[in-house]
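Residue numbers for the sequence shown follow the working numbering, so the first one is 265 and each next one is one higher.
Where is the CB? At the ideal position from N, CA and C, for every residue including glycine.
Contents: one structure, followed by commentary.
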Amino acid sequence: MNERKRILIVDDNIHLLKNIKDILKVEGYEIVAVEKGHLAVEKVEQLNFDVALIDVMLPDMDGLKAIEEIKEIDNDISIVIMSGHIDTRISIEAMKLGCHIVPKPIDPHQLRMIVKSAIREKILVVENKITTEYLKEQKRTLEVILELSNQLHYVDNLKELGDILVEKLSLILKANIVSMMLVNNKKKQLHILAAKGLDQEIINNYCGKIGEGVAGWVAKKKELTLVPDVEHFPYFQKENDFKYLSKSFISAPILYKSSLLGVINVSGRVEVFTATDAKFVSLITNLASLSVKNIELITYISETKETDFLTNLFNEFYFKRCLSSEIKRTYRYESSFSLVGFNIDNFEEYEKTHGKLASEILIKIIAGVVKGNTRDVDVVSMGRENDIFVILPQTEKDRAFFFAEKIREKVQNINFSQEGISSATISAGVTSFSKETKNEEEMINQCLKALAQAKKDGGNNTYLLK
């Protein structure tokens, strides 16, 4: 360990320099000796030193001034002041600068002991700094994970989950290419759920086999992989793997218990990824695993349960089933029905300004208004993006338009201040069944088209698709 320690000696007495060098060389230290203060400062700029022994009386500058300049360059270096006249001024300055003092003439045994003590001090300073930085990094990581965990608490669809995780990884790790893949266990393939830094064509069409390429190999092994140089990674395939902007990458499996859910890939950074970066990615995959399973559970319950959690209206799955049945019934009996879609104007801005809780209260209030103004035969359901759909059996388009306008006006006149939230308006789209209507998806799209036009016309509006 001693042979790696470098000592700087600064004294204008050539014979003393040689004497000190001989004493310390026996201990295995690397010695650099200079006779002037400015030369000592230059050496510290060029090399890393563990200890500097400096005479207070130098020919070109005050030794204490030289120490100050050296400390500005390297504050971790341990300083030993050498002086034949240790007065009060030197003692006080030494205390201020945190220096050791060795009196002249030099006692070899005392010198060796002081240098060893100074080296131990340097080691402690560096270790404390490393520990402090480590604790700061751990604190930052914990804060990010807690913030992300709270954010994911409200996520109920996989695409949104992927977008959030990809963006967070890119931001924290300063990575230009990040992707989150999910596995299709039946086909034993990986597809991209969300990505940053990749062409949209790759995102849409990528289909990787388990065991092939970087992500496929990680999926097969179910082990996190940190690679400093992708070119030397045996499973890297230029023809199949994405274009990496850097040689270093991290690829980690998303596991729930021992089951593979997907893979997260991080690359595109100038600096080589570290073990600390890999640990952060591992923590993110743990969050991803829990979130994916949670969303799968919500989806399963939504598909097997008929009502929406928040509003207690029928859910999207039940709505589509009812709409399909209504289309078949209308064909069979040559009757008519209409579909109305409602959506809160500027909802994203409202949620950003007032928060998740206020937005959920608003949705519940409006859902209650719609439900409270329908017949028993009508089907009121929640759709995607907080849309509210109403199936109106035996209802022509003019009556459906009148119904939509009545709901819109009621919402416009609500005093939301009693609920502690700001006022809001809604827009409505109306469409009616025609013989050209092929299926429920086509009718939903027609309704959404009308709703989009109502918003395009300024919002707080109802549009009837002719």
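Close Cβ partners of residue i (< 6 Å) along its chain, the five nearest in sequence each way excluded
i      : result
Val536 : Pro492 and Ser512
Ser645 : Leu577, Phe578, Phe583 and Phe653
Ile343 : Ala316, Ile331 and Cys363
Asn283 : none
Ile467 : Ile456 and Ala459
Asp640 : none
Anticipated Cβ contact below 8 Å, residue i with residue j, distance rounded
i      : j      : result
Ile591 : Thr701 : 6 Å
Leu551 : Ala631 : Between Ala631 and Leu551 the Cβ distance is about 31 Å, and since that is not below 8 Å, they are no contact.
Ile354 : Val379 : No, Ile354 and Val379 are not in contact; Cβ-Cβ is about 19 Å, not under 8 Å.
Leu322 : Lys307 : Rounded, the Cβ-Cβ distance is 14 Å, inconsistent with contact.
Glu704 : Ser588 : 5 Å
Ser555 : Leu457 : That belief does not hold up - the Cβ atoms of Ser555 and Leu457 are roughly 12 Å apart, past 8 Å.
Ile287 : Pro372 : 5 Å
Ala716 : Ala692 : Actually they do not touch by this definition, with Cβ atoms about 11 Å apart.
Leu728 : Lys713 : The Cβ separation is near 11 Å, so there is no contact.
Ile295 : Lys285 : 5 Å
Ile383 : Lys289 : About 15 Å; that fails the 8 Å criterion.
Gly475 : Lys486 : Actually they are not in contact, since the Cβ atoms of Gly475 and Lys486 sit about 12 Å apart, beyond 8 Å.
Leu425 : Ile518 : Leu425 to Ile518, Cβ: 11 Å. No contact.
Ala304 : Leu281 : Rounded, the Cβ-Cβ distance is 12 Å, inconsistent with contact.
Val274 : Ile337 : Not really, about 14 Å apart at Cβ, beyond 8 Å.
Tyr520 : Lys557 : 5 Å
Ser623 : Glu613 : With 8 Å as the limit, Ser623 and Glu613 do not qualify as a contact, their Cβ atoms being about 10 Å apart.
According to DSSP, residues forming a beta bridge with residue i
i      : result
Ala516 : Ile528
Thr695 : Leu603
Gly472 : Leu454
Glu294 : Arg270
Asp326 : Met321
Met444 : Ala458 and Ile528
Thr489 : Ser515
Val366 : Met346
Val315 : Ile271 and Ser342
Ile608 : Ile690
Met646 : Ile652
Tyr582 : None; Tyr582 has no bridge partner.
Ser523 : Tyr520
Thr726 : Ala692
Pro657 : Phe601
Thr571 : Phe578
Closer than 8 Å to chain D by CB, residue i
i      : result
Asn312 : No chain D is part of this structure, which consists of one protein chain only.
Own chain residues within Cβ distance below 7 Å of residue i, not counting five before or after
i      : result
Gly736 : No answer is possible for residue 736: it lies beyond the span of the chain, which begins at 265 and ends at 730.
His302 : Asp324 and Met325
Ala358 : Ile345 and Ile365
Leu410 : none
Residue i, buried or exposed, once every other Cβ within 10 Å from all chains shown has been counted against 16
i      : result
Thr396 : exposed
Ser681 : exposed
Asn266 : Any reading at Asn266 must be qualified, since the residue scores a pLDDT of 45, below 50, and its modelled position is unreliable; the value itself is stated next. Answer is exposed; the Cβ neighbour count stays below 16.
Met773 : Summary: the structure shown does not reach residue 773, with the chain confined to residues 265 through 730, and so no result is reported for it.
Gly348 : exposed
Met346 : buried
Phe666 : exposed
Met707 : buried
Asn650 : buried
Tyr508 : With a pLDDT of 47 at Tyr508, under the threshold of 50, the modelled position of this residue cannot be trusted, and the question is left open.
Arg672 : buried
Cys711 : buried
Tyr470 : buried
Phe573 : exposed
Contacting residues, own chain, Cβ-Cβ under 8 Å from residue i (five flanking each side not counted)
i      : result
Asn414 : none
Asp340 : Lys386, Val389, Val390 and Lys393
Asp642 : Val654, Ile655, Leu656 and Pro657
Val545 : Leu433, Leu437, Leu488, Ile514, Ala516, Ile528 and Val530
Thr571 : Leu577, Phe578, Asn579 and Tyr582
Asn709 : none
Val633 : Ile671, Lys674, Val675 and Ile678
Gln453 : Val447, Cys471, Gly472, Lys473 and Ile474
Tyr418 : Lys620
### Message
Tell me whether the stretch 445–464 and the stretch 583–600 touch, counting them as touching only if at least three CB pairs, one residue from each stretch, are closer than 8 Å.
### Response
no
### Message
Can you confirm whether the stretch 527–542 touches the stretch 422–440 when touching is taken to mean that 3 or more C-beta pairs between the two stretches lie within less than 8 Å?
### Response
yes
### Query
Taking contact to mean at least 3 C-beta pairs separated by less than 8 Å, is the stretch 653–665 in contact with the stretch 608–624?
no
### Query
Does the stretch 612–629 come within contact of the stretch 711–726, defined as at least 3 CB pairs closer than 8 Å?
no
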